[in-house]
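This report refers to the structure that appears directly beneath it.
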Amino acid sequence: MRMSQIFGQTLRETPSEAEIASHQLLLRAGFIRQLAAGVFSYLPLARRALNKIEAIMRQEIDRIGGQEMTMPIVHPADLWQQTGRWYKIDAEMGRFKDRNGRDMVLAMTHEEVVADLVRQEVRSYRHLPRLVYHIQTKFRDDPRPRAGLIRVREFTMKDSYSLDTDWDGLDRQYRLHYQAYFNIFHRCGLPVIAVGADVGMMGGSLAHEYMYLTPAGEDTLLLCQSCGYSANRQIARLRKTATAAERPLELEKVATPGAKTIEELANFLGVEKARTAKAVFLIAAYPPGTTEPQIRQESFICAIIRGDMEVNETKLANTLGASSLRPATEDEIRLTGAVPGYASPVGLKRASQATGGSKSAFIVVVDDIVPQSPNLVAGANEAGYHLLNVNYGRDYSADFVADIAAAQDGDACPNCASPLQAVRGVEVGNIFKLGTHFSEKLGCTFTDVDGQEKPVIMGSYGIGSGRLLACIAEEHHDEQGLRWPVSVAPYPVHLIALVGRGSSDTMTTADQLYADLLAAGNEPLYDDRDESPGVKFNDADLIGLPLRLTVSERALKQGGVEMKRRDQSERRIIPLAEVLQVVQSELKQMEMDILEQVREVNYPD
RNA sequence: CGGGGUGUAGCGCAGUUUGGCAGCGCACCGCGUUUGGGACGCGGGGGUCGGCGGUUCGAGUCCGCCCGCCCCGACCA
2 MRMSQIFGQT LRETPSEAEI ASHQLLLRAG FIRQLAAGVF SYLPLARRAL
52 NKIEAIMRQE IDRIGGQEMT MPIVHPADLW QQTGRWYKID AEMGRFKDRN
102 GRDMVLAMTH EEVVADLVRQ EVRSYRHLPR LVYHIQTKFR DDPRPRAGLI
152 RVREFTMKDS YSLDTDWDGL DRQYRLHYQA YFNIFHRCGL PVIAVGADVG
202 MMGGSLAHEY MYLTPAGEDT LLLCQSCGYS ANRQIARLRK TATAAERPLE
252 LEKVATPGAK TIEELANFLG VEKARTAKAV FLIAAYPPGT TEPQIRQESF
302 ICAIIRGDME VNETKLANTL GASSLRPATE DEIRLTGAVP GYASPVGLKR
352 ASQATGGSKS AFIVVVDDIV PQSPNLVAGA NEAGYHLLNV NYGRDYSADF
402 VADIAAAQDG DACPNCASPL QAVRGVEVGN IFKLGTHFSE KLGCTFTDVD
452 GQEKPVIMGS YGIGSGRLLA CIAEEHHDEQ GLRWPVSVAP YPVHLIALVG
502 RGSSDTMTTA DQLYADLLAA GNEPLYDDRD ESPGVKFNDA DLIGLPLRLT
552 VSERALKQGG VEMKRRDQSE RRIIPLAEVL QVVQSELKQM EMDILEQVRE
602 VNYPD
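All residue numbers in the first sequence are consecutive under our numbering, ending with 606.
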């Protein structure tokens, strides 16, 4: 490609809206342009890098038996109504009506459509197992897109779907993906870790997320250096220590004027935060029922946790089977008879009439360490007063006792009790055991060997290609610009012609080298523009192709062309006759270096 | 949705306080010089100052409403 012909320009200055390196550099180097919040065009350079990434994904998924197809972006709403997600998902779903007034959905993901195909195509166990995938656009109207390509509203995803007759089959395909995904990321030059993840409302049994660790990430992960335990904070477990075993003491009301937070309370009374009980009030919304999907069921939740811990909303929602949680307003708290700042479940009516309005229930959830923590300080439900020696079971009861605590940096590992480390990461992929959730809702059944009709067992596996591109840029750049791994670089070679006045041989030599490289299958990005050397070198550094060749009068006088790797500072003069061969072996070496990163990983059992 | 910021040429910004010709740098076009790390000279083109309404003789500037974009939080199959 001649740079004099390429569509798109480099920018000297960083557009002000970009904050993180990948966003800034992808904009400056002419890879992407933003159309609207979280909606981007991918210019030719980005498209070529994405093509490389997608080729790697195809190879790895084909290798584990995947069959590529393409499913639509526009879906009829009734499919999504059948699985309930039309009702469950709120504004994040893109909806419109077609010209006949029929409700339509923009694809957020493709489980529904896969399942629809499966119920048409799969009748017998002879049609299973299968693995299908596609690379297709998704739209999720995220409330807050950010950080360039890291979090967008429209994006492309490689999503595969496994179809099995039994759970062992699902486990097999899941494990194959577990390794294939590492291969994909490693071949793209991206270091990742797999962490246990929330299975949420998908009815599945297991999920992993592939995380690229970076402070720019928005997921928090808890890692154990000593035993290898790793999990998204949403589900991370922790080892909790019970407070000293004591006999329950007499309940006692004490004045605690102004002590509305746990911090203030602990200071005022001179007790450890672990000796207090915190009441957190939330409103839970439940997934719509199949019979009356339009009615949004809500209930009032009082979560009790020890004062030294925080409530983990994902764990709490999973305990409740709720689809979402939001903090209750102070007015809603008062409706229950509790007093904000001095609240506890002690003495509260648990009956539904206590809440009024549309809230049909009042549910108390207690963290599982609280019953082993006797004589806690809790609110008296009276402004300015708390109760000493509150004991679970004696003074109040619960609808659920479960682990609802958020793991924090320094907490004890659930397996080995070593301190957990909290780090940030970007989720570049996930794998998910769906089970029969979608097949049951959409009637995907097959006739098994025994003549019985059974639901197809599904898994879904996704990698966002744009986000992956951004993470690679985030990992591989320096002050000067991008530094693409050879496996995903838009072009392997950046050929620069430095042509001064009256040195037409330089241009001829460069043109010839361009043609030779093209013919050898190493298409270079050829800077044939009438620009100064500084502009050309700076653009080359910015775009970040792995290998740079400079043809100039000076280099020719020294006996050839100059070669420089983007990731090294050393420059070599290569005799003209050897250039093709040296380029070939240099690229080969870089490819080998990347393949060395690809390795067998242990599946965490 | 809450909090903060911002919107002036393709990009980066000044001008808004105190109303009075719409500016600077880079980029772009033409001519010439220059050619190993973002060259120079001369000439030139490009604007609904986010939008609508109001105040005023006069609004980029003051007032009201709306919108876009960015950041923090909420949210995230």
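Note that beta-carbon positions come from the ideal geometry of N, C-alpha and C, so glycine has one too.
Check, Outcome
"Considering only their Cβ atoms, is the gap separating Pro576 from Gly560 smaller than 7 Å?", "yes"
"Can you give me the Cβ contacts of Arg120 inside the same chain, cut-off strictly under 7 Å, excluding the 5 residues immediately before and after it?", "Leu443, Gly444, Cys445"
"When you compare the region 448-465 with the region 150-169, are there three or more beta-carbon pairs, one atom per stretch, that lie closer than 8 Å?", "yes"
"Excluding the 5 residues flanking Leu36 on each side, which residues of the same chain have their C-beta closer than 7 Å to its C-beta?", "Ser42"
"With distances taken from CA atoms, which of Thr138, His438, Ala516, Ala304 is nearest Asp369?", "Ala304"
"Select from Glu299, Ala260, Ala267, Gly308 the residue whose C-alpha is nearest the C-alpha of Val281.", "Gly308"
"Can you have a look at Leu596 and say buried or exposed, based on whether 16 or more other CB atoms are within 10 angstroms of its CB?", "exposed"
"CB-CB under 8 Å to Arg240, same chain, minus the five flanking residues each way: which ones, in chain order?", "Asp412, Ala413, Cys414, Pro415, Ala418"
"Would you check if the distance between the CB atom of Met72 and the CB atom of Val114 is smaller than 7 Å?", "yes"
"Have a look at Ala323 and Ala285 and give me their C-alpha separation to the nearest angstrom.", "6 Å"
"Classify Phe32 as helix, strand or coil using the three-state DSSP reduction.", "coil"
"Locate the alpha helix (DSSP H) running through Pro314, then write down its first and last residues.", "Here residue 314 is Glu; the residue named in the question, Pro, does not match the sequence. Taken as a continuous stretch (DSSP letters only), the alpha helix (DSSP H) holding Glu314 covers 314-321."
"Which residue comes first and which comes last in the beta strand (DSSP E) that contains Phe269?", "Premise fails: Phe269 lies in the alpha helix (DSSP H), 263-270, not in any beta strand (DSSP E)."
"Would you please state the rounded distance, in angstroms, between the beta carbons of Leu469 and Val429? I believe it to be under 8 Å.", "5 Å"
"Would Asp169 be called buried (16 or more neighbouring beta carbons within 10 Å of its own) or exposed?", "exposed"
"If I measure Cβ to Cβ from Glu55 and keep anything under 8 Å in the same chain, skipping five residues before and after, which residues do I get?", "Ile136, Lys159, Ser466"
"Touching or not, the region 212-227 and the region 470-477, by the rule of three or more beta carbon pairs under 8 Å?", "yes"
"Hey, out of Leu283, Ala384, Ile432, whose CA is closest to Val366's CA?", "Leu283"
"Just tell me which of Tyr492, Leu252, Glu563, Thr507 has its CA closest to the CA of Met2.", "Tyr492"
"Thinking Lys565 and Arg555 are a contact (beta carbons under 8 Å), I'd like their distance in whole angstroms, please.", "Incorrect: roughly 14 Å between the Cβ atoms, too far for contact."
"Determine the DSSP secondary structure at Ile284, reduced to helix, strand or coil.", "strand"
"Can you name the residues that DSSP bridges to Phe433?", "Ala208, Ser461"
"Which residues in the same chain have their Cβ closer than 6 Å to the Cβ of Asn376, if we skip the five residues on either side of it in sequence?", "Glu247, Leu250, Asn390"
"Per DSSP, what kind of secondary structure is Ala381 in: helix, strand or coil?", "strand"
"Go ahead and pull the three-state DSSP assignment for Ala246.", "coil"
"Could you tell me which residues DSSP pairs with Thr257 in its beta bridges?", "Per DSSP, none; premise fails for Thr257."
"So if DSSP puts Arg306 in a beta bridge, which residue, or which two residues, is it bridged to?", "Correcting the residue identity first, residue 306 is Ile in this sequence and not Arg. DSSP lists Lys279 as partners of Ile306."
"Who are the Cβ neighbours of Ser359 in its own chain at under 7 Å, not counting the five residues just before and after it?", "Because the pLDDT at Ser359 is just 42, under 50, the model does not fix this residue reliably, and the value given afterwards should be weighed accordingly. Hits under 7 Å: Glu299."
"For the ligand ZN, I want to know if Arg573 counts as a neighbour, meaning its beta carbon is within less than 6 Å of at least one of the ligand's heavy atoms.", "The ligand ZN is absent from the structure shown, which contains no ligand whatsoever."
"Report the three-state DSSP secondary structure of Phe97 (helix, strand or coil).", "strand"
"Please classify Phe447 as buried or exposed, where buried requires at least 16 other C-beta atoms within 10 Å of its C-beta.", "buried"
"Below 6 Å CB to CB, which residues in the same chain sit around Val583 once its five sequence neighbours on both sides are set aside?", "Ile575"
"Under 7 Å, do Gly67 and Val153 count as touching if we go by C-beta distance?", "no"
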